Amino acid sequence: MSIDDDVALLERVPTLRLLGDASLRMLAIGSEQRDFVRGDTLFNLGDAADAGFVVQRGAFRVEDGAGAEMIAGPGALIGELALVVPMKRPSSAIALEHSSVIRVARSLFQRVLESDPAAAVRLRDEFAVRSSQIASDILMAGAKLTS
């Protein structure tokens, strides 16, 4: 895939779209593509997380230690929080078919944010909205459980 194809793919990811064209181009240029065959592991639960992955093609089963799972296909960002904070992987991801990802290292992502403060503010604001929504959802669920 070309850099323009990678930029177009990154632009499909809601979180990354907030960064704008110049920042997406920097991410596309600085990132690496990785290919997987069916059954290959992208990462395991508990691994150190230093990157996020955007699925280019194929699909990955992402499951946490409690058995919850989801399927991540083209355009999905796997490991979003690893782009902004050091952490352990809260899940495992396994290729369901021949697949490829764009690996975005946290160090690259942080350099991009440092070079574009306005993009960093947009991203911070998006995370704040999401955190508020999660807190509201938890309160609503708790109210339903106690009534």
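Position 112 of the sequence shown, counting from 1, maps to 112 under the UniProt record's numbering, and the rest follow consecutively. Note that the Cβ used here is the ideal one computed from N, Cα and C, for glycine as well. For clarity, every value in this text was computed on a predicted model and none was experimentally measured.
Residue i by DSSP, collapsed to three states: which one?
i	result
V54	strand
E69	strand
D40	coil
L77	strand
S31	coil
R12	coil
S2	coil
D21	helix
A119	helix
V84	coil
Determine the burial state of residue i: buried for a count of at least 16 other Cβ atoms within 10 Å of its Cβ, exposed for fewer.
i	result
S107	exposed
S31	buried
V37	exposed
A68	exposed
A93	buried
L139	exposed
Whole angstroms are fine: how far does the CA of residue j sit from the CA of residue i?
i	j	result
R122	G20	10 Å
T146	S132	21 Å
M70	A48	21 Å
S115	E11	18 Å
S100	G79	15 Å
T41	D35	11 Å
G142	V84	29 Å
L27	D137	33 Å
A66	R89	13 Å
Alpha carbons only, please: which of the options is nearest the one belonging to residue i?
i	options	result
A8	V129, H98, I102 and D137	I102
G73	G46, D40 and A59	A59
V13	F43, V104, L96 and A93	V104
D50	L18, M26 and M87	M87
L96	L113, R124, R57 and L45	R57
S2	I29, T15 and L18	I29
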